[in-house]
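Presented below is the structure to which this report refers.
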Amino acid sequence: MAKVTIKVNGKNQTRNVEDRTLLADFLRDELGLTGTHVGCDTSQCGCCTVHVNGRAVKSCSMLAVQANGAQVLTIEGLAKNGKLHPVQRAFSECHGLQCGFCTPGMIMATVGLLKDKPNPSEDDIIHGLEGNLCRCTGYINIVKAVKMGAKLMRGKGKRR
Amino acid sequence: MRVEDPRLVTGAGRFAADWNLPGQLHAHFVRSDRAHAEIVSLETGAARKHPGVRAIFTGADAVRAGYTKPMHTLAFPGKGGMQTRAPERPALAHGKVRFVGEALAMVVADTAAAAQDAAELIEVQYRELAPVIAPEQALASGAPQLHESVPGNLSLEAEAGDAAAVEAAFARAAHVTRLKVEVTRVAPNPMEPRACLVAHEPQDDSYTFHVCMQGVTTLRRQMSVYTGVAEDRMRFVAHDVGGGFGQRTPAYPEYCALMLAAKDTGRPVKWVSTRSEGIACDTHGRANIIDGALALDRDGRFLGMRLDWVNDMGSYLSPASQGHVRNTSTCMTGVYRIPALYASYRVALTNTNPVSAYRGAGRPDVAYAIERLVSRAAAELGIDTAELRRRNFIPPEAFPYKTPTGSTYEYADLPGVLEKALKLADWRGYPKRRARSEKTGKLRGIGIATVIENTGAGQAAKDEVELELDARGHVTVHTVSKSQGHGHETTLAMIVADALGIPRERVAVRQCGEDRQHRLQGNHTGGSRSTVGAGSVCHIAARKLIEHCRGLAALELGVEPSQVDYAKGAFRSRESKRAVKLGELAGTGPVSVVGEGKFGSTFPNGCHIAEVEIDPGTGAAQIASYCAVDDIGTVINHAIVEGQLHGGVVMGAGQIFGEHVVYDLESGQLMTGSFMDYCMPRAGMVRAIRGAEHPTPSKVSPLGVKGVGESGCTGSLPALANAVADALRPLGVAHLDMPLTPAKIWHAVRDARKGGN
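Protein chains in written order, with our numbering: chain A, 307 to 466; chain B, 24 to 780.
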């Protein structure tokens with residue numbers, strides 16, 4: 307067992323966990339943050355994507371103890387004061403989700419992608435989402451949503 | 024924005040694995056690593072002593088409980104009156120294992136990790152038996168036998184159509200095109216892994232399931248047949264369901280085993296599948312081998328068609344096993360007037376995971392066989408592939424059209440659909456595009472598919488929807504259908520809001536609610552039927568609510584009901600001009616009506632045209648363009664419908680270009696047991712779909728709707744394969760079966776060029 311303190315969505319969380327506990331399971335089982343989904347066991351699907359110290363990470367490929375002292379942002383912490391993040395809005399407006407299971411990971415991966423490439427080309431988007439699987443949408447509307455999210459975020463940046 | 028979206032984009036959705044109950048235990052299954060073996064011994068002593076372990080269950084427990092006879096639906100007479108031979112399947116394998124991944128023991132412990140640790144301490148001794156993996160080999164004489172009760176591994180032999188008529192048609196044919204195709208075994212892989220949490224209530228000996236499902240009625244019935252537990256002693260809870268595609272329909276043995284554990288331990292027991300478990304033991308799809316022949320006269324008119332099927336059902340019959348026989352004979356004539364049809368079916372059992380419904384459940388398979396045959400015939404005869412189709416379409420004036428296999432197509436404007444698609448795809452401009460690709464060293468091909476499918480009819484006696492009006496003037500819609508991503512909360516609310524003339528925000532949809540699931544009848548969501556069934560009944564129920572409330576309003580207004588007009592949520596007396604709002608009529612309590620309806624099949628149809636560009640140096644095929652024109656009747660929500668088509672088209676593209684469940688033919692080991700090896704479609708596989716609607720409203724439904732959920736893959740499987748075949752035909756490549764991987768295409772190109780030299 308190990309004691310870990312992880313700042314999740316702005317709040318310090320201290321727990322005793324088994325050494326083998328994955329960050330994904332820590333978030334879901336210890337903190338009840340079930341918006342982070344687990345869709346595979348080989349780190350292919352990306353449903354569990356969260357941000358660790360500002361970078362998009364598949365939380366199934368990291369132990370909770372490795373995140374000790376880190377800042378973690380999950381899908382639950384993305385909307386601020388009830389206002390959807392532009393990428394969340396874009397996924398909904400472009401119908402970039404159907405069942406919604408891959409969606410939290412898709413959105414967290416997209417927010418991460420747009421940090422690196424605020425104005426991504428279609429190829430950038432396709433490459434950037436290579437590690438995220440969706441079975442419902444056929445991805446066409448997801449790619450649209452990423453473009454729209456990028457546009458909304460750039461617009462927001464200008465106003466500031 | 025869909026009603027569902029706000030919770031799903033914020034992580035507030037509630038999927039099966041998100042549920043927890045106080046005091047719950049966790050289950051882990053021990054699965055067979057052999058394809059075919061006798062269980063000589065099962066040593067559980069060390070596992071029982073492992074910290075945290077509460078109980079271990081094996082096949083003996085399943086047999087003792089009588090959980091051995093899953094429901095199957097091949098319940099119609101086969102050839103010569105043959106009855107289906109349905110093997111038993113204890114919820115945990117007993118005595119013998121028959122596929123890699125079959126559960127044979129279940130450990131229940133305080134934590135999931137403890138259960139898994141203990142499961143690894145269980146020692147199983149096997150006596151290996153020779154497995155048989157390929158269905159045609161399973162049917163050959165001398166093949167290893169899976170079940171004593173299924174001699175020759177032949178579960179059912181069935182037929183459709185008129186063999187003699189087909190023989191006569193072939194005898195007078197000017198040309199016969201033959202093609203044997205395999206529609207490969209694939210894994211549905213909805214993104215949410217299966218999960219189930221079962222609680223037992225000793226007071227009334229009832230069970231509550233938190234499980235991912237496609238609707239309560241079908242699953243409940245199947246669970247009841249499997250376990251002998253009465254339907255009224257089972258409750259099902261599901262909020263969000265992460266995809267389905269047919270895979271969530273069956274009653275799985277794991278759920279039955281969890282019932283044993285919950286009753287025995289007196290605690291709720293939860294199981295969450297891993298993806299690897301899912302690929303091994305969630306029902307697979309397709310797995311059909313179809314040997315086809317099409318007879319044509321001198322003018323290229325179809326005279327007859329024969330399809331000989333071998334349907335691989337895996338090691339046991341899944342509860343949705345009928346689709347591969349029934350749906351494929353219903354639509355056997357495709358979109359063509361073919362005077363003589365005959366199909367034979369041999370339903371085979373193999374040492375593989377059971378096969379069940381998967382997006383289309385046979386409809387894409389038969390469309391694939393027909394459309395490959397037709398395009399090949401066109402190539403052989405030197406007729407334009409669109410022209411050969413045009414020449415053989417069932418003409419609009421021939422509808423309703425009774426097919427030679429006994430179904431009746433309602434209506435289709437096939438020439439209209441085709442011409443619109445040809446224009447959208449710039450069919451005439453194709454030679455130029457091909458020449459342009461050739462200049463860059465690429466092979467280009469164009470493929471077309473014109474398809475039709477039966478959708479909408481369900482097995483329930485009727486579909487019922489209850490509408491409940493409250494004092495705020497809000498309406499709650501209760502249905503036993505269940506979205507797995509389809510957006511019922513949006514579409515059904517739109518239908519009711521439209522009929523009542525009130526804002527959509529005042530209508531809420533509750534699916535399979537615990538307080539309604541035993542009261543309302545209806546079909547689960549599958550077979551593209553929910554808008555046709557539940558959706559139509561939403562409309563009927565809304566009309567009924569208006570009529571019911573008209574009487575109440577008349578009393579309120581002191582006039583005859585005939586003197587009261589309804590519009591936009593309010594009744595108005597024609598004489599006094601007084602009005603009463605819907606909500607006011609529910610002031611003393613909710614007003615409730617139940618609407619009902621029974622609907623036959625609707626026949627969505629369409630034309631898909633794909634172009635592919637192949638790099639002969641790598642064998643990689645890129646989808647250069649994709650056009651789809653679909654007649655899916657009246658459209659309620661265009662974005663949702665387009666989303667269904669996108670998803671279906673890409674699912675078909677996944678199967679054509681990469682997806683394939685592969686078992687080693689000798690050992691029966693699963694070779695594609697995780698997302699590392701099972702090739703899922705990724706972003707960019709289909710960059711864009713140019714789509715157009717060509718609606719002809721269905722009269723089956725008062726809304727004019729037709730099913731749409733499965734149309735995408737029914738069209739894309741043949742359109743894409745035909746495009747690749749077209750690209751490779753000039754090289755002399757006769758035929759390739761899916762998946763058309765870069766390696767397969769590269770080898771075909773290389774072999775063809777060698778042969779050419």
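The C-beta atom is built at its ideal place from N, Cα and C for all residues, glycine as well.
Cutoff 6 Å; reference E579/B; Cβ partners in own chain excluding five residues on either side: Closer than 6 Å at the Cβ level, and outside the excluded window around E579/B, lie V603.
Cα-Cα separation, A88/B to G337/B: Between the C-alpha atoms of A88/B and G337/B there is a straight-line separation of about 25 Å.
At least 3 beta-carbon pairs within less than 8 Å: the region 415-428 of chain B vs the region 297-310 of chain B: Not touching, per the Cβ criterion.
Minimum Cβ-Cβ distance from G406/A to chain B less than 9 Å: With respect to chain B, the C-beta atom of G406/A has a partner C-beta closer than 9 Å.
Beta carbon proximity, R30/B to chain A, threshold 9 Å: So, interface residue.
Per-residue contacts from S398/A into chain B (C-beta, under 8 Å): Within 8 Å Cβ-Cβ: M24, R25, D28, P29, V32.
Beta carbon proximity, N212/B to chain A, threshold 9 Å: Contact with chain A is found for N212/B, since one of that chain's Cβ atoms lies less than 9 Å from the residue's Cβ.
Within 9 Å, strictly: CB atoms of V397/B and L317/B: Between V397/B and L317/B, the C-beta gap is smaller than 9 Å, which places the two residues in contact.
Cβ of N780/B within 9 Å of any chain A Cβ: Note that N780/B scores 49 on pLDDT, short of 50, meaning its location in the model is unreliable; the coordinates nonetheless yield the value given after this. By this cut-off, N780/B is not an interface position.
Coarse secondary structure for L379/A, derived from DSSP in three states: If DSSP states are grouped into helix, strand and coil, L379/A belongs with the strands.
Cβ of I475/B within 9 Å of any chain A Cβ: So, not an interface residue.
Of the listed residues K72/B, A50/B, L490/B, nearest to R529/B (C-alpha basis): Nearest of K72/B, A50/B, L490/B to R529/B, Cα basis: L490/B.
Whole-angstrom distance between H391/A and P29/B, CA atom to CA atom: P29/B and H391/A: Cα-Cα distance of roughly 11 Å.
is_contact[E636/B, chain A] using C-beta, thresh 9 Å: It does not; no Cβ of chain A falls within 9 Å.
Cut-off 7 Å between Cβ atoms - residues of its own chain near D430/A, not counting five sequence neighbours on either side: The answer, listed in chain order, is K423.
Inter-residue CB distance, R369/B and L177/B (contact presumed, cutoff 8 Å): With a Cβ gap of about 6 Å, R369/B and L177/B count as contacting.
is_contact[H8/B, chain A] using C-beta, thresh 9 Å: A question about residue 8/B goes unanswered here, because the residues of chain B that appear run from 24 up to 780.
Span of the beta strand (DSSP E) around T240/B: Per DSSP, T240/B belongs to no beta strand (DSSP E); it is in the alpha helix (DSSP H), 239-250.
Minimum C-alpha distance to A402/B - residue among G323/B, A284/B, P704/B: It is G323/B.
Test: T320/A CB closer than 9 Å to a CB of chain B: Output row for T320/A: interface = no.
Any non-hydrogen atom of the ligand NAD closer than 8 Å to K591/B Cβ: No copy of the ligand NAD occurs in the structure displayed, which carries no ligand at all.
Interface partners of V449/A on chain B, CB under 7 Å: Within chain B, the residues near V449/A are A706.
Same chain only: Cβ atoms within 6 Å of A711/B, ignoring 5 sequence neighbours per side: The beta carbon of A711/B sits closer than 6 Å to no other beta carbon from its chain once the five residues preceding and following it are set aside.
Inter-residue spacing [alpha-carbon to alpha-carbon] between M761/B and T514/B: Cα-Cα distance, rounded: 35 Å.
The beta strand (DSSP E) enclosing N318/A, as first and last residue numbers: Here the beta strand (DSSP E) through N318/A covers 317-323.
Cβ contact (3+ pairs, closer than 8 Å) linking the region 364-384 of chain A and the region 457-473 of chain B: No: the two stretches stay apart, fewer than three of their Cβ pairs being nearer than 8 Å.
Same chain, Cβ closer than 8 Å to R466/A, neighbours up to 5 away in sequence not counted: A caution first: R466/A carries a pLDDT of 36, below 50, which makes its placement in the model too unreliable to give a value.
Cα-Cα separation, G463/A to G267/B: Bear in mind that the predicted position of G463/A carries a pLDDT of just 45, short of 50, making it unreliable; the figure below should be weighed with that in mind. Straight across, the Cα-Cα distance linking G463/A with G267/B is about 40 Å.
Alpha-carbon to alpha-carbon, R773/B and N780/B: The pLDDT assigned to N780/B is 49, lower than 50, so where the model puts this residue is not dependable; a value taken from the coordinates is nonetheless given after this. For N780/B and R773/B, the distance between alpha carbons rounds to 11 Å.
Contact list for C351/A against chain B, beta-carbon separation under 9 Å: Under the 9 Å cutoff, chain B gives M214, R298, F698, M703.
Whole-angstrom C-beta distance between G418/A and V709/B, which should lie under 8 Å: Going by Cβ atoms, the distance from V709/B to G418/A rounds to 24 Å, so no, they are not a contact pair.
Bridge partners - T478/B, DSSP secondary structure assignment: Bridge partners of T478/B: T625/B.
Runs of beta strand (DSSP E) wholly within the region 336-411 of chain B (minimum 3 residues, chain order): Qualifying beta strand (DSSP E) stretches, in chain order: 363-371.
Closer than 7 Å at the beta carbon, the chain B residues around I432/A: Residues of chain B passing the Cβ test: A706, G707.
Integer-rounded CB distance, given that R37/B should sit under 8 Å from D263/B: So it is a contact: roughly 5 Å between Cβ atoms.
DSSP bridge partner residues for W42/B (one or two, in chain order): In DSSP, W42/B forms no bridge with anything.
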